[in-house]
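J.:
2 protein chains.
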Amino acid sequence: MADLNGKEKMVNEKVISPAVIKRLPRYYRYLGDLLRNDVVRISSKELSEKMNVTASQIRQDLNNFGGFGQQGYGYNVEYLYNEMGKILGLNKQNNIIILGAGNLGQAIANNSDFDHNGFHIIGLFDVNPKLIGMTVKGVEVYDIDMLADFIASHDVKIAALTLPKSKAPKVAKDLADLGVKAIWNFAPVDLSLPDDVIIENVHLSESIMTLSYRIHSREQE
Amino acid sequence: MADLNGKEKMVNEKVISPAVIKRLPRYYRYLGDLLRNDVVRISSKELSEKMNVTASQIRQDLNNFGGFGQQGYGYNVEYLYNEMGKILGLNKQNNIIILGAGNLGQAIANNSDFDHNGFHIIGLFDVNPKLIGMTVKGVEVYDIDMLADFIASHDVKIAALTLPKSKAPKVAKDLADLGVKAIWNFAPVDLSLPDDVIIENVHLSESIMTLSYRIHSREQE
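If you read the protein sequences in the order shown, they are chains D and R.
Using my numbering, you'd call the opening residue of the first sequence number -12 and step up by one each time.
Using my numbering, you'd call the opening residue of the second sequence number -12 and step up by one each time.
(1) Can you list, in chain order, the residues of its chain whose CB lies under 7 Å from that of Y200 (chain R), leaving out five sequence neighbours each side?
(2) Helix or strand or just coil, what does DSSP make of H190 (chain R)?
(3) Which residues, in order along the stretch 168 to 202 of chain R, keep a beta-carbon less than 8 Å from a beta-carbon of chain D?
(4) Any beta carbon from chain D within less than 8 Å of L11 (chain R)'s own beta carbon?
(5) At a CB-CB cut-off below 9 Å, which residues of chain R make contact with I74 (chain D)?
(6) Tell whether a beta-carbon distance below 8 Å holds between G72 (chain D) and Y15 (chain D).
(7) As an exercise, report each continuous beta strand (DSSP E) stretch of at least 3 residues that is fully enclosed by the stretch 95 to 173 of chain R, in chain order.
(8) Starting from N82 (chain R), follow the beta strand (DSSP E) in both directions and report where the run begins and ends.
(9) For R28 (chain D), I'd like the list of residues in its chain whose CB is within less than 8 Å of its CB, leaving aside the five on either flank, ordered along the chain.
(10) Under 8 Å, Cβ to Cβ, is there at least one residue of chain D near D25 (chain R)?
(11) Can you list the residues of chain R that I8 (chain D) reaches, using a CB-CB cut of under 8 Å?
(12) Indicate the three-state DSSP secondary structure (helix, strand or coil) for N90 (chain D) in the structure shown.
(13) Using a Cβ-Cβ distance under 8 Å, would Y14 (chain D) count as near chain R?
(14) If we cut at 8 Å on Cβ distances, does K157 (chain D) have a partner in chain R?
(15) To the nearest angstrom, how far is it from the Cα of Y225 (chain R) to the Cα of N188 (chain D)?
(16) When you compare only the Cα positions, how much space is there between Q93 (chain D) and D142 (chain R)?
(17) Could you pull the start and end residues of the alpha helix (DSSP H) that G59 (chain D) belongs to?
(18) For the stretch 105 to 131 of chain D, which residues have a beta carbon sitting closer than 7 Å to at least one beta carbon of chain R?
(19) Kindly indicate if chain D contains any beta-carbon less than 8 Å away from that of E(-5) (chain R).
(20) Starting from the beta carbon of L77 (chain R), find every residue of chain D whose beta carbon is closer than 8 Å, and list them in chain order.
(21) If the cut is a Cβ gap below 7 Å, which residues of chain D does I145 (chain R) touch?
(22) Flag this pair as yes or no: are the beta carbons of I138 (chain D) and D113 (chain D) separated by less than 8 Å?
(23) When you compare the CB of D100 (chain D) with every CB in chain R, is at least one pair closer than 8 Å?
(24) Where does I202 (chain R) sit, in a helix, a strand or coil, going by DSSP?
(25) Looking only at its own chain, which residues have a Cβ that is under 6 Å from the Cβ of L191 (chain D), when we skip the five neighbours before and after it?
(26) May I have the straight-line CA-CA distance separating L86 (chain D) from L148 (chain D), to the nearest angstrom?
(27) Pull the bridge partners of I185 (chain R) from the DSSP assignment, please.
(28) Can you name, in chain order, every residue of its own chain whose Cβ lies under 7 Å from the Cβ of Q80 (chain D), other than the five neighbours on each side?
(29) From the DSSP output, read off the bridge partner residues of R28 (chain R).
(30) How would you list, in chain order, the residues of chain R whose beta-carbon sits under 7 Å from the beta-carbon of N90 (chain D)?
(31) Among D:P151, D:S194, D:D164 and D:K117, which one has its Cα closest to the Cα of S134 (chain D)?
(32) So for Q207 (chain R), helix, strand or coil by DSSP?
(33) To the nearest angstrom, report how far apart A155 (chain D) and I3 (chain R) are at their CA atoms.
(34) Expressed to the nearest angstrom, what Euclidean distance is found between the alpha-carbon atoms of V126 (chain D) and D177 (chain D)?
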């Protein structure tokens, strides 16, 4: 029975493509905006016009999770928003530590969007004595030597790497050894970690090069 | 003849899928690392092992641009690096202004990876009197009231939006009206601009929600 269950879950996971997963946070953002504007109900057609995707795409995407609308009645905005939040794991507390308390680390610590969605920054770490001991939005910057003790005594779900490329691989390996299972990597390097560690990369250099490519290829038209 | 040419160019553009374009900066990064390590020549097999993609994928991707290797001889690293840089438009000077001189704007201005690749931050803009007049890595923070004059007198290729969601749509529209054709948008909002303005989004909230989804769905296995 346990096996069958496991199998079903695996099948379920396979069905949901990375492209769908990438769209979920955008649905969540639009539904949050609607909710704040006191919209109670919305059809997939109205939502599709707002989001600039097709209504059939929206229906298909949501059907991956069982569908949330009733034919002809549209979606209850608050219900869909809350269910989408659960799917994204935002109903749980996701504690984050930030490795590297420079501008980028501070920008993340200061971003209030994260707070609203169950992400809590619980500590920053750095090697720079000028930064150690300061607080960012009430959160302390610790000496990186305290990392092991901190992780042992806190429920750290995610570690954000906002440190130089040269230091990222070693710190990422330390984090994995200390049991951290999710890395949000801003360093311009591909981390090589055990399979059970989830890595989400934000490569700003690659993003701006993609933009440059698009500018440049248009100029050649 | 002009028409035919236009058509060919369009066909050329269609052939290169967004997925390929997204991979180019990663090739460029790896080639740069090889070059700095004095590697002169590399086979697609060796490159594929380093990059954790298949050799056939590499050959296919590069063939989109005419291919750069000779069967059995591999790629000349420096030549491929330089050609890739040209494709990405990194051989041109891409001047950037940053709208919003808070932590995130400063993090971008301080990122030396950009300098190395032909991206030059030439000005930051803010409304906050505490920030106006300061310099970040030698670049001045201007009053946003000076934006129109600045754009009229400088060759601004890209505007980075590192300001609050509430202000981003208005500033983006102003930038488009002032002739800026490429927006690097960090605000958590979808900008609606004329078709000739290229937008590249970096939505940090969506990135961390995708990570949270992956953590959460794994916990349910």
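Glycine included, every Cβ here is placed at the ideal spot set by N, Cα and C.
T.: On the basis of the data shown:
(1) Excluding the 5 residues flanking it on each side, Y200 (chain R) has no same chain C-beta neighbour closer than 7 Å.
(2) coil
(3) K168, A169, W171, P175, D177, I185, E187, V189, H190, L191, S192, E193, S194, I195, M196, T197, L198, S199, Y200, R201 and I202
(4) yes
(5) Y200, H203 and S204
(6) yes
(7) 106 to 113, 126 to 130, 145 to 148 and 169 to 172
(8) N81 to L86
(9) Y60, G61, Y62, N63 and V64
(10) no
(11) T197, Y200 and R201
(12) helix
(13) no
(14) no
(15) One cannot answer for residue 225 (chain R) here, as it falls past the ends of chain R, which runs -12 to 208.
(16) 31 Å
(17) Unbroken run through G59 (chain D): none, as it is neither H nor E.
(18) F106
(19) For E(-5) (chain R), the predicted structure reports a pLDDT of 40, less than 50, and the residue's modelled location is therefore unreliable. A value from the coordinates is still provided. No - not a single Cβ of chain D is within 8 Å of the one on E(-5) (chain R).
(20) M196 and S199
(21) L198
(22) no
(23) By this cut-off, D100 (chain D) is an interface position.
(24) In the structure shown, I202 (chain R) sits in a helix (DSSP, three-state: H, G or I).
(25) none
(26) Taking C-alpha positions only, L86 (chain D) is separated from L148 (chain D) by approximately 5 Å.
(27) The partner list for I185 (chain R) (beta bridge, DSSP) reads R:A169.
(28) G105 and H107
(29) R:N63
(30) N90, Q93, A94 and N97
(31) According to the sequence provided, residue 134 (chain D) is Leu. The question's Ser does not apply to it. Here the closest residue by C-alpha is D:D164.
(32) Here Q207 (chain R) sits in coil by DSSP.
(33) 32 Å
(34) If you take the alpha carbons of V126 (chain D) and D177 (chain D), they lie about 28 Å apart.
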